[in-house]
Amino acid sequence: MSDAIISVRNLHKWYSGVHALKGVSLDFRRGEALGLVGDNGAGKSTLINILSGVHRADQGEIKVEGRPVSIATPRDAMDLGIETIYQYNSMVPTMSIARNLFIGREPTRFSVLGVGILDQKKMAEESIRAIANVDLHLRSPDALVGELSGGQRQGVAIARAMHFKSKVMILDEPTNHLSVKETNKVIGFVRGLKEQGVTGVFISHNMHHVFDCCDRIVAMARGEVVLDKRIEDTSIDEVHGVL
Amino acid sequence: MKRLFKTYLEKPELAGLILLVLLIILFQVRSHGVFLNADNLRGILGILPEAGLVAIGVTILMISGEFDLSVGSVFALMPMTMAVLMVHGWPFPLALFAGLLVSAAIGFVNGYVTIRFAIPSFITTLGMLFMARSLTVVVSGGFPPLLPVDLPNWLFTAFVGPGNMFRMSFLWFVAVAVLTSLMLSRTNFGNWIKATGGFMPAAAAMGIPTARVKIVCFMLCSVLSGFAGMLQVLRLGSPLPSIGEGLELQAVAAAVIGGASLTGGIGTVMGGIIGTTLIRVIDNGLVLSHVDANWFKFAIGFLTIFAVVANAWMRKRAKAIKMEG
Numbered sequence: 001m002s003d004a005i006i007s008v009r010n011l012h013k014w015y016s017g018v019h020a021l022k023g024v025s026l027d028f029r030r031g032e033a034l035g036l037v038g039d040n041g042a043g044k045s046t047l048i049n050i051l052s053g054v055h056r057a058d059q060g061e062i063k064v065e066g067r068p069v070s071i072a073t074p075r076d077a078m079d080l081g082i083e084t085i086y087q088y089n090s091m092v093p094t095m096s097i098a099r100n101l102f103i104g105r106e107p108t109r110f111s112v113l114g115v116g117i118l119d120q121k122k123m124a125e126e127s128i129r130a131i132a133n134v135d136l137h138l139r140s141p142d143a144l145v146g147e148l149s150g151g152q153r154q155g156v157a158i159a160r161a162m163h164f165k166s167k168v169m170i171l172d173e174p175t176n177h178l179s180v181k182e183t184n185k186v187i188g189f190v191r192g193l194k195e196q197g198v199t200g201v202f203i204s205h206n207m208h209h210v211f212d213c214c215d216r217i218v219a220m221a222r223g224e225v226v227l228d229k230r231i232e233d234t235s236i237d238e239v240h241g242v243l
Numbered sequence: 001m002k003r004l005f006k007t008y009l010e011k012p013e014l015a016g017l018i019l020l021v022l023l024i025i026l027f028q029v030r031s032h033g034v035f036l037n038a039d040n041l042r043g044i045l046g047i048l049p050e051a052g053l054v055a056i057g058v059t060i061l062m063i064s065g066e067f068d069l070s071v072g073s074v075f076a077l078m079p080m081t082m083a084v085l086m087v088h089g090w091p092f093p094l095a096l097f098a099g100l101l102v103s104a105a106i107g108f109v110n111g112y113v114t115i116r117f118a119i120p121s122f123i124t125t126l127g128m129l130f131m132a133r134s135l136t137v138v139v140s141g142g143f144p145p146l147l148p149v150d151l152p153n154w155l156f157t158a159f160v161g162p163g164n165m166f167r168m169s170f171l172w173f174v175a176v177a178v179l180t181s182l183m184l185s186r187t188n189f190g191n192w193i194k195a196t197g198g199f200m201p202a203a204a205a206m207g208i209p210t211a212r213v214k215i216v217c218f219m220l221c222s223v224l225s226g227f228a229g230m231l232q233v234l235r236l237g238s239p240l241p242s243i244g245e246g247l248e249l250q251a252v253a254a255a256v257i258g259g260a261s262l263t264g265g266i267g268t269v270m271g272g273i274i275g276t277t278l279i280r281v282i283d284n285g286l287v288l289s290h291v292d293a294n295w296f297k298f299a300i301g302f303l304t305i306f307a308v309v310a311n312a313w314m315r316k317r318a319k320a321i322k323m324e325g
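From first to last, the protein sequence lines are chains A and B. Just so you know, the first sequence maps onto residues 1 to 243 in UniProt numbering. Just so you know, the second sequence maps onto residues 1 to 325 in UniProt numbering.
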């Protein structure tokens, strides 16, 4: 398909004898919010980990914008425009918002062999803008992330992904352990991705959250894709039925 | 105003700094003004760089989330390596380079083994503590070798400054302190160290080479300890194989008093320096105020616990101050 931003073909992964992915083929389309659902051990985390560079597939092909790619590290994925926001581990709580936004991609004034002096002015200015762009209201970019609520942290993580112009944003269980109000906020972020032309991949156990903000549902079970439909062509009951 | 108050309460080295000022005032009064006179200060400042350099290394390593118990042994092994090489006719600069290389290699082994086998650095470096100390005695052959007479003491231990207030070692110490401080707060590498120690899964997910960051910190810590050991040997004029015993725990105490967190992510170079100064001040001040010197370790122990409790309390207070806007 021509509008596929990422397409995976026949992806296999074994974990010490367990066949976790059994030949998954899937297209992630440009500007689409895709909901990935499935029980624990269905293979959705494995698929996501392969796309975000945490694990490597044992077999199969990944194309990004039509070009075959090899994603060996998280950095490779980020350089391809694939940004992953994990349930817990996307922020360092002991560091400020501004520092967190730029972890691993700090703007430097000059550098030798990749190590250089931070451009703190640029970091402060850009972090204020990045946070404002996702409609997040925070006191100051110097506040510690550890002082933010769970929803605000997800907001900062999304602001970071937006700031680095990611093309695909993978959100792994972003609404777990959040209050209802904060969950709505995160769902709002996911809806907002489409307006920015970003492909969202939303992973959740909660079917209502997925139906609230996605255009398309992909359900996985036992390492395979068992359902792939537009949201208007299916229902929560049907999805539950195949899982 | 409120924001300023909050910002300062959040500084990890604040508790140590307050304690330091209070103790200086106390000792100054108790010693009838002897404590802060030029002769006594010269004594304190002459020794401070040796423990201070070790504390800087240990602090940075702790911020990266690891721990080094072998610094005291490296402190002895590095100058012993140099002394033995110089006895065999190596010139000083070459021996210095070899000594630093040995220190760096020990740091590398500490880091590599810790990460490769995913074991606590407490264990790796505890093992290294014994191994490096043993090596020190082995290479010395049991007798401290005689140092050559033409050593460049002018570069490391000579007194300089107004009223010969400092030793050259103090200038080295200040230079290292400024450089490492800037590295931690102003460079992207400093950001990686804090992120790695603060929450490693996040740092790794954002593409930071966490293993390499930690190994560099292990090596830096070892090199600084070795260098500090050389300073002490040049000051004493003899490479005793027993120097630096107990220094590892004093350095950890200094880092912790200065606000570094044992779990990583929090701390400053300045804090480590404040902690070391505090320990030196107690050591010296107890003697000057005619207190039995055996209370020294008690005081260090008490202050370590007290500083951490005070720090935790202040951080909680700071968090409770809500900021708007």
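Positions of the beta carbon are idealized from the N, C-alpha and C atoms, including for glycine.
What in chain B is Cβ-close to residue i, meaning under 8 Å?
i, result
"Pro68/A", "In chain order: nothing, as chain B lies at least about 22 Å away."
"Arg75/A", "Gly207"
Give me the Cα-Cα distance between residue i and residue j, rounded to the nearest whole angstrom.
i, j, result
"Gly89/B", "Lys316/B", "58 Å"
"Ala98/B", "Thr81/B", "8 Å"
"Pro12/B", "Leu148/A", "20 Å"
"Leu231/B", "Ser169/B", "7 Å"
"residue 351/B", "Gly229/B", "As shown, chain B starts at 1 and ends at 325. That puts residue 351/B outside it, with no answer to give."
"Val201/A", "Glu32/A", "8 Å"
"Pro120/B", "Ser261/B", "16 Å"
"Ser2/A", "Arg29/A", "Confidence is the limiting factor: at Ser2/A the pLDDT is only 49, short of 50, which leaves the residue's position unreliable, though a coordinate-based value still follows. Approximately 9 Å between the Cα atoms of the pair."
"Met128/B", "Ile282/B", "29 Å"
"Gly325/B", "Asn153/B", "With a pLDDT of only 35 at Gly325/B, under 50, the local geometry of the prediction cannot be trusted, and the value read off the model is given with reservation. Looking at the two C-alpha atoms, the distance is approximately 57 Å."
"Leu9/B", "Ala318/B", "6 Å"
"Thr73/A", "Gly207/B", "7 Å"
"Met219/B", "Leu61/B", "9 Å"
"residue 245/A", "Val226/A", "Within the shown structure, residues of chain A are numbered from 1 to 243, placing residue 245/A beyond reach of any answer."
"Val269/B", "Leu48/B", "15 Å"
"Ser140/A", "Leu171/A", "25 Å"
"Thr157/B", "Pro93/A", "43 Å"
In the structure shown, what three-state DSSP assignment does residue i receive?
i, result
"Leu146/B", "coil"
"Gln152/A", "helix"
"Ala33/A", "strand"
"Ile71/A", "coil"
"Ile217/A", "strand"
"Ser111/A", "strand"
"Val134/A", "coil"
"Ile103/A", "coil"
"Glu83/A", "strand"
"Asn176/A", "coil"
"Lys122/A", "helix"
"Thr199/A", "strand"
"Met82/B", "helix"
"Leu155/B", "helix"
"Asp212/A", "helix"
"Gly188/A", "helix"
"Met230/B", "helix"
"Ala42/A", "coil"
"Ser25/A", "strand"
Which bits of chain B does residue i rub up against, with CB to CB less than 7 Å?
i, result
"Met91/A", "Ala202"
"Met78/A", "Gly207"
"Val115/A", "Thr187, Asn188, Phe189"
"Tyr86/A", "Ala205"
Which residues in chain B sit within 9 Å of residue i, going by Cβ to Cβ distance?
i, result
"Thr108/A", "Thr187, Asn188"
What first and last residue would you give for the beta strand (DSSP E) that runs through residue i?
i, result
"Ala95/B", "No beta strand (DSSP E) holds Ala95/B; the alpha helix (DSSP H) holding it covers 92–116."
"Gly60/A", "59–64"
"Ile6/A", "4–15"
"Glu224/A", "224–230"
Which residues mark the beginning and the end of the alpha helix (DSSP H) in which residue i is found?
i, result
"His240/A", "236–242"
"residue 326/B", "Nothing can be reported for residue 326/B: it is not among the residues displayed for chain B, which extend from 1 to 325."
"Phe170/B", "168–186"
"Ala38/B", "38–63"
"Thr7/B", "2–9"
"Phe15/B", "Note that residue 15/B is Ala in the sequence shown here, rather than Phe. It spans 14–30 - the alpha helix (DSSP H) in which Ala15/B sits, taken as one unbroken run."
Which chain A residues are close to residue i, counting only those with a beta carbon under 8 Å from its beta carbon?
i, result
"Gly198/B", "Val92, Pro93, Thr94, Met95"
At 9 Å on the CB atoms, spell out the chain A contacts of residue i, in chain order.
i, result
"Ile266/B", "Thr94"
"Asn191/B", "Met95, Arg99, Phe102, Ile103, Gly104, Glu106, Leu118"
"Lys319/B", "Leu144, Gly146, Glu147"
Going along chain A in order, which residues have a C-beta closer than 7 Å to the C-beta of residue i?
i, result
"Ala195/B", "Val92, Met95, Ile103"
Does the ligand FAD have even one heavy atom less than 7 Å from the beta-carbon of residue i?
i, result
"Pro93/A", "The model on display carries no ligand, and the ligand FAD is accordingly not part of it."
request  = Please go through the stretch 235–305 of chain B and give each complete alpha helix (DSSP H) segment of 4 or more residues, from N-terminal end onward.
outcome  = 247–257, 269–288
task = Identify every run of the alpha helix (DSSP H) within the stretch 198–228 of chain B, keeping only runs that are complete inside it and at least 4 residues long; order them along the chain.
result = 200–205
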